[in-house]
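One structure is given here, and the rest of the page talks about it.
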Amino acid sequence: MAALTEVVERVRKTYRSGVTLSYDFRLAQLKQLRKLCIERGEELAAALSTDLRKGKFESYVCEIEIIKAETEHAIRNLKTWMRPEKADRTTTSIMDTMKIIPDPWGVALIISSWNYPVHLTLMPLVGAIAGGNCVIIKPSELAPATSKTLDQLIPQYLNEDCYKVVQGGPKETEKLLAEKFDYIFYTGSSRVGQLVYSAASNHLTPVTLEMGGKSPVFLDNTCNIRMATERILWGKLVNAGQTCIAPDYILCTPDVQEDFIKTAKEMITKFYPDGARHSPDLCRIINERHFRRLQELLSDAEVAVGGETDESERYIAPTILVNVKETHKIMQDEIFGPILPVLTVNSVNEALNFITERNPPLTCYVFSTRREVRDAFTNRVSAGSICVNETCSIIIVNSLPFGGVGKSGIGAYHGKHSFDTFTHKKSVLIKDYSYITDSLIRLRYPPYGDWKQKLITLAIGLPLPGIPWRLIIFLLGISTGMIVILIIQKYYGFTL
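Residues in the sequence shown are numbered from 62 upward in steps of one, following our numbering.
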């Protein structure tokens, strides 16, 4: 406990020195993080292969290259993001200078997940660095090879006094959460997220919780079934379904289900021509505990596609279940594996009711060419995001905030939204000592009276048009001065 406390205190001392506040420092660290991705990509990919048997394509496309792109986006836009915002004036602040500064929180704690251990560790780190924070980084112990690699690489590229990696399991995480941080960013399960939230409340620490939930898919009979099936299966099978926004279950009419199952069999063969078990493109389940959990979910449903398992390899075949009831085990919690249940409904409205009666999902997927259907889901479903005719790729669009609602998460990040997450808006008001300003604010001083109250009430409630009041007042002052001079010259004969 003492060792972790000392680590946090050293990082806090570094933050108080102000070293992270400058544009040049932040830019240099972002460039170093990009350099890490470029120069050490092979080592990161090897670690991902060890932990998840993740292939080279998914390691680079879904993890390493995404971080590289995120750092490049931050590098290009950092100066603009850091620029203070101007604030609108009111009648009570006509002569004031006002701005809103994006201020770092201070020392942030990032707790990442095992399913995308590079992506989910370094993505929020980009925002934290851009925001000017110091960071304690806690990778997941369930991806030990990646955790160890990050622990080795990060100090080689980033400032060691500002960014510290802490390895370990639940005990170390618990000890870290007992410390006071200025911001906590957590990615993982809702169960642990609640514990993080509870610990953060002890210090009133603001948090972002990136969790998950059961992200539904609705298919109607107007969709292109081949394209829809291909996109759904890709979203479900990337990382062997161990993705927070993976399609969790499908809602469709019985006739659409029949077409989907038939097409899915063809697509799985196309994806894995030598068989899914032998394909280098299908990951494995992270550990035995999660494997057995998934295996148990197959016990009370009918398998239409797949269903094969091998505990020695932690292999579960791409599997589609039919005749699924909402009471089945697989419908109680997020699946987080390559198993896709299909539930039949009779109408769009029935599907909407099914989704809205449950906890808000991280994402809701809709496959339809009918605008009224897309609009109905967009307007009625509470979710972190709505994705139409596509799955999962919404996560790489950094102009869109990524995050959940309710039990699927609190807060959002990616791109500028990450910078906003790791900064708070600090208001600054500067009032001058001019005679005009002083005259205007004297009404607030005692002794009070009804006439003062009426004038101040009028001033507070009076809307201020969007015109340059400081310039107008300045010009009025000059004009008044010139009029006074002309009067003096005319009546008293004085000349300047």
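Cβ atoms here follow ideal geometry from the backbone N, Cα and C, with glycine treated the same way.
- Boundaries cannot be given for E374, as no alpha helix (DSSP H) includes it and DSSP labels it neither H nor E.
- Remark: three or more beta-carbon pairs, one from each stretch, lie closer than 8 angstroms, so the stretch 112-128 and the stretch 192-212 are flagged as touching.
- For R345, the CB contacts under 8 angstroms within the same chain, skipping 5 residues up- and downstream, are L113, R114, A301, E374, R375, Y376 in chain order.
- Cβ contact annotation for I381 (same chain, cutoff 7 angstroms, sequence separation greater than five): I322, A325, A365, V366, G367, L401, V403, in chain order.
- The stretch 86-96 makes contact with the stretch 136-144; the number of CB pairs closer than 8 angstroms reaches 3 or more.
- In the DSSP assignment, the residues bridged to I381 are V366, L401.
- If you draw a straight line from the Cα of T234 to the Cα of K199, it comes to about 7 angstroms.
- Collapsing the DSSP output to three states places G102 in a helix.
- Restricting attention to K477, H485, D493, E67, the CA atom closest to the CA of E131 is found in K477.
- By the Cβ test, the stretch 410-417 is not in contact with the stretch 243-251, since fewer than three Cβ pairs between them sit closer than 8 angstroms.
- Restricted to the stretch 221-257, the beta strand (DSSP E) segments that are unbroken, complete and at least 3 residues in length are 224-226, 244-248, listed in chain order.
- At the C-beta level, V168 and I127 stay beyond 8 angstroms of one another.
- Residue pairing of K147 in beta bridges, as defined by DSSP: K160.
- Beta-carbon to beta-carbon, P422 and G274 are separated by about 4 angstroms, close enough to satisfy the 8 angstroms threshold.
- Counting only the Cα atoms, T290 lies some 19 angstroms from C305.
- CA-to-CA, the gap between Y494 and L501 works out to about 11 angstroms.
- For the pair K232 and P277, the Cα-to-Cα distance works out to about 34 angstroms.
- Scanning M184, T152, E146 for the CA closest to the CA of S479 turns up M184.
- For the options R292, K486, H264, L519, the alpha carbon positioned closest to that of P145 is the one of K486.
- Beta bridge pairing from DSSP links C425 with I447.
- Apart from the 5 residues on each side of it in sequence, E369 sits with its Cβ closer than 6 angstroms to the Cβ of A378 in its chain, given in chain order.
- In the DSSP assignment, A169 falls within the beta strand (DSSP E) that extends over 168-172.
- Taking the Cβ atoms as the reference, M156 lies roughly 5 angstroms from T498, within the contact range of under 8 angstroms.
- Following the DSSP letters along the chain, one finds S488 in no alpha helix (DSSP H) but inside the beta strand (DSSP E) bounded by residues 484-491.
- Put simply, the stretch 72-88 does not touch the stretch 171-188. Fewer than three CB pairs are less than 8 angstroms apart.
- The closest CA to that of L280, considering only E319, L214, I190, P163, is found on E319.
- Bridge partners of C195 according to DSSP: V168.
- Spanning the alpha carbons of E221 and S250 requires a straight line of approximately 29 angstroms.
- If you compare the alpha carbons of A261, K117, Q228 with that of V299, the shortest gap goes to K117.
- Taking a 10 Å sphere around the C-beta of Y506, we find fewer than 16 other C-beta atoms and assign the residue as exposed.
- Across the structure, L461 and F397 are spaced so that their CA atoms are roughly 24 angstroms apart.
- The three-state reading of DSSP puts G465 in coil, since its state is none of H, G, I, E or B.
- A distance below 8 angstroms separates the beta carbons of I521 and T153.
- Contact annotation: T269 and Y474 have beta-carbon atoms nearer than 8 angstroms.
- Bounds of the beta strand (DSSP E) holding Y310 are 310-313.
- Counting of Cβ neighbours within 10 angstroms places A261 among the buried residues, the total reaching 16 or more.
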